[in-house]
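Okay, so here's the structure we're looking at.
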Amino acid sequence: MTQKAHSTTPVEDATKGVPVGRIVSVTGSQAIALVFHNSNGSEESKALQPEMGTLLKVDTPISVVLCLVSALSAPAPTEVDSEQELWIAEIELVGELFKNEQGVPDKFRRGVMAYPALGDLIYKCSHEELKKAYSWDNEETIRIGKIHQDQSIDAVIRVNEMLGKHFAVLGSTGTGKSCSTALLLRQILDKNPEGHVVLIDPHNEYTKCFGNMAEVISVNELQLPFWFLTFEEIVEVLVGDRKGRSKEVEILADLIPMAKARYANGKRGGRLAMRTSDNANFSVDAPLPYRISDINDLLNEHMGRLDMKNSIGPYKVLKARIEAVTSDVRYSFMFGSTTVQDQMAAILGRLFRIPVNGRPITIIEMTGLPSEVINVVVSVIARMAFDFALWSGGKVPITIVCEEAHRYIPADSKMGFEPTKRSLAKIAKEGRKYGVSLGVISQRPSEIDSTILSQCNTLFVMRMANDLDQTIVLSAISDAASSLLEFLPSLGMGECIVFGDGVTLPVRMRFDRLDDKYLPRSSTAKFTESWRETIDDDEDFLENVVKRWRAAGTPTANTTGDAKIAEAVLMPSDAAAKDPLMSPAAQDNPAPQKHASIPTMAAPQSSETEAPVLDAPDFEEEASDAEMIKGSIESAMEEKERIREALRSKSRFFK
Ligand SMILES: Nc1ncnc2c1ncn2[C@@H]1O[C@H](COP(=O)(O)OP(=O)(O)OP(=O)(O)O)[C@@H](O)[C@H]1O
Ligand SMILES: [Mg+2]
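Here it is in structure tokens:
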């Protein structure tokens, strides 16, 4: 066989068109074809040459086998006449259109049953065949854009498959993830107005996208009472992630069931529970109401019974931490309520839109919350969604969409918050069975917990240049057509490749334009425009920025660091007193600035920002509390002085 023979212009078939090549090898779901030199330079003939990602077809007796071009090469290139070269296309056999009784290709099916034979001619798919393969239209699908191969064909997503088996929208910053997510969710909710979506929005960018469809819950309105938290979550909030916290954790494990029993007994008009046996029915994890004031009372009662300086230490630390956290404005959504009421059903109803009341999506705006608070909020919401689905028998399918997911489900096991990862991983692994699904949006797939990402079946992958991110996406794709990922660095804005069960076949597509009025608030800053205008028309501009900043707390404050200060200042242990410089707290925070009894994490309080009121106060108890606090302050001050002195002598030594 001469090379010239391959380049002979093939004969056009009346129904299939001009062949573009011939099968020369078939292995499993892959094949190799010799490509004909169809181009004579005209635009029409150029369109006949297959490109990467083009969908081709091979005719078999029972079906038309559909194949995607995954690689093109000229193994022995010549300098003179390209007509002399062998051109090779590697193709993936991805699906079939089964022929009906009249022999016309009709029903599409993924995978292949009939394999092409050696020598079979391959053709480009016709418009009708592409439509049958990509563009299914029924009540379970939505249209989101156009496919790359034929701009007149809609890109269609199968909603049940996309949501049921979780989805991810991945791509570098500014490639259109938020716009695409808004478009996807809008399309889904337009068609399914009784939906239940919770969107975690760390940059407050989505409110505009959904107009009246959204129930927006801002930081100020968010209500997640502390007693919703599991033991692990409340420990993260009240004790933090510090070394040597085991005693405080132990104390909390004892006191929380007691406080729950006190609340329940109080409600029933019974006597206050103190014995462990009374608390046997109140597990630390059950979402049963209790009062922080009861925890404080119990701490005081226990401290009253202890007299050794060392054993009282953890109680004092815990008391100071509780005081700090409960008066921190950024935690007011947990501790801010004046009364403790069992409003669990109402909170679940608002959060998960039951009933929907015309707003099928809840947007949780979280700008201004420190990452540890975001972690806890996401953990609680994800856990509640799963438990709700479990206890409601999966009657109300819920989708949780996590924007900037790498922030709270990081791959690094030392980062993030374990319960958040666990709650989301549980949805990713078991949610399908109960109707809870997950949407993961991220610009750094390599930084997301791989267990969770690998469970996302439908992937919308936008432009991505980073090699590591591409490798991670590749490993998350089980599809035979993963070679399409080669396109990732060259995709345009709003363009993506979709893999998984949400699409009939892996497809390169472009999202429709989202109407300007629905664009997320994330649009890229117009530097040149802004830098040509003066900002002095608003005299109070800076003042207002500072006011808002203060009212929201100090997002960059490191609560763990603050906690360490409190710890160093309050720690009565001999070790710390002997050589406070040996304690990491003293090293990290050489000059404690705040008084221990002043809430260490509280943001600077502006006149607009009132400190949250705790549970109804009991004045007699308050008096003994005051004594206790006074004692703590005095010992804290002494301790602080000792640390300062030690630091001074150490700095003199280094001079
Ligand atoms: N489908 C679309 N319709 C209209 N505009 C779009 C679309 N996709 C992208 N854009 C434009 O691209 C800009 C960036 O998009 P977007 O904010 O969605 O990117 P992103 O990937 O979410 O970025 P980041 O990772 O920083 O959050 C938008 O402000 C918008 O102007
Ligand atoms: Mg975005």
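Heads up, the sequence shown is in numbering that gives the first Met the number 0, so the first residue is 0 and it goes up one at a time. Using N, Cα and C, we set each Cβ at its ideal position, and we do this for glycine too. Predicted, not measured: the structure shown is a model, and the values here were computed from it.
Could you round the C-beta distance between residue i and residue j to whole angstroms and report it? I think they count as a contact, below 8 Å.
i: Pro201; j: Met365; result: 5 Å
i: Leu483; j: Gly52; result: 6 Å
i: Arg109; j: Thr503; result: 7 Å
i: Val103; j: Ser28; result: Contact flag wrong, Cβ pair sits at about 25 Å.
i: Gly493; j: Ser179; result: 7 Å
In angstroms with no decimal places, state the Cα-to-Cα distance between residue i and residue j.
i: Gln150; j: Val545; result: 49 Å
i: Asn557; j: Leu67; result: Bear in mind that the predicted position of Asn557 carries a pLDDT of just 38, short of 50, making it too unreliable to give a figure here.
i: Gly434; j: Pro396; result: 4 Å
i: Asn191; j: Arg358; result: 11 Å
i: Ile408; j: Leu223; result: 20 Å
i: Glu193; j: Ser445; result: 35 Å
i: Asp293; j: Val372; result: 23 Å
i: Gln379; j: Asp500; result: First, the amino acid is wrong: residue 379 is Val here, not Gln. Roughly 29 Å separates the two Cα atoms.
i: Leu298; j: Lys318; result: 7 Å
i: His147; j: Phe486; result: 12 Å
i: Ile451; j: Ile440; result: 12 Å
i: Ala272; j: Phe332; result: Low confidence applies here, because Ala272 scores a pLDDT of 43, under 50, leaving its location unreliable; read the following figure in that light. Each residue's alpha carbon lies about 28 Å from the other.
i: Asn203; j: Ile216; result: 10 Å
i: Gly430; j: Ser436; result: 6 Å
i: Asp136; j: Ala32; result: 33 Å
i: Asp296; j: Lys259; result: 13 Å
i: Val238; j: Tyr330; result: 14 Å
i: Phe230; j: Asn264; result: 21 Å
i: Ile219; j: Ala388; result: Ile is not the amino acid found at residue 219; the sequence shown has Asn there. Whole-angstrom Cα-Cα distance: 27 Å.
i: Asp514; j: Val197; result: 22 Å
i: Met212; j: Ile360; result: 6 Å
i: Tyr205; j: Ile362; result: 7 Å
i: Ser245; j: Gly163; result: 40 Å
i: Val375; j: Val328; result: 16 Å
i: Ile87; j: Lys106; result: 30 Å
i: Ile346; j: Val283; result: 21 Å
i: Leu228; j: Pro286; result: 7 Å
I'd like the list of long-range same chain contacts for residue i, defined as Cβ closer than 8 Å, with 5 residues on each side in sequence excluded.
i: Glu619; result: In this prediction, Glu619 scores a pLDDT of 40, lower than 50, which makes its location untrustworthy; the coordinate-derived value is nonetheless stated afterwards. Excluding residues within five positions, none has a Cβ falling inside 8 Å.
i: Lys432; result: Gly393
By Cβ distance, which residues of its chain are closer than 6 Å to residue i, with the 5 residues on each side in sequence left out?
i: Arg142; result: Asp153, Val155
i: Cys208; result: Ala181, Tyr517, Pro519
i: Phe498; result: Leu458, Ile476, Asp478, Pro505
i: Met161; result: Thr457, Gly501
i: Ala167; result: Val439, Cys455, Leu458
i: Gly16; result: Tyr122
i: Ala610; result: Residue placement at Ala610 cannot be trusted, given a pLDDT of 33 that sits under 50; the coordinates are not used to answer.
Taking residue i as part of the alpha helix (DSSP H), name the residues at either end of that continuous run.
i: Pro104; result: Unbroken run through Pro104 is the beta strand (DSSP E), 104–109; no alpha helix (DSSP H).
i: Gln186; result: 176–190
i: Phe387; result: 370–390
i: Arg358; result: Neither: Arg358 is in no alpha helix (DSSP H) and is coded neither H nor E.
i: Gln469; result: 466–475
i: Arg290; result: From DSSP, Arg290 is part of no alpha helix (DSSP H); its letter is neither H nor E.
i: Tyr122; result: It is not in any alpha helix (DSSP H) - Tyr122 instead sits in the beta strand (DSSP E) that spans 120–123.
i: Leu55; result: Unbroken run through Leu55 is the beta strand (DSSP E), 54–58; no alpha helix (DSSP H).
i: Ile426; result: 417–433
i: Phe526; result: 526–529
i: Cys208; result: 206–209
i: Phe230; result: 230–237
i: Gly393; result: Note, Gly393: premise wrong, no alpha helix (DSSP H); not H, not E.
Could you spell out the range, first to last residue, of the beta strand (DSSP E) harbouring residue i?
i: Arg21; result: 18–26
i: Leu660; result: Residue 660 lies beyond the stretch modelled for the chain, which goes from 0 to 654, so this question has no answer here.
i: Ala46; result: Segment: none, Ala46 is in no beta strand (DSSP E) and carries neither H nor E.
i: Arg512; result: Looking at the DSSP string, Arg512 is not in any beta strand (DSSP E), and its letter there is neither H nor E.
i: Val158; result: Val158 -> not in any beta strand (DSSP E); alpha helix (DSSP H) instead, spanning 158–163.
i: Leu67; result: 62–72
So, at 7 Å on beta carbons, what are the nonlocal neighbours of residue i in its own chain, with the 5 sequence-adjacent residues on each side left out?
i: Glu139; result: Arg157, Val158, Asn159
i: Ile187; result: Ile141, Val158, Gly194
i: Lys145; result: Ile152, Asp153, Ala154, Met508, Arg509
i: Leu54; result: Leu65, Leu67, Cys124, Leu129, Ala132, Gln148
i: Pro115; result: Ile22, Val25, Ala30, Val57, Thr59, Val64
i: Gly118; result: Arg21, Ile22
Taking contact to mean 3 or more Cβ pairs, one atom from each stretch, closer than 8 Å, check whether the region 380–390 and the region 344–356 are in contact. yes
Does the region 409–423 come into contact with the region 113–127, if we say contact requires no fewer than three beta-carbon pairs (one atom in each stretch) closer than 8 Å? no
Does the region 163–172 come close enough to the region 459–470 to have 3 or more Cβ pairs within less than 8 Å? yes
Does the region 248–262 come into contact with the region 397–411, if we say contact requires no fewer than three beta-carbon pairs (one atom in each stretch) closer than 8 Å? no
Contact the region 507–516 vs the region 54–72: 3+ CB pairs below 8 Å: no
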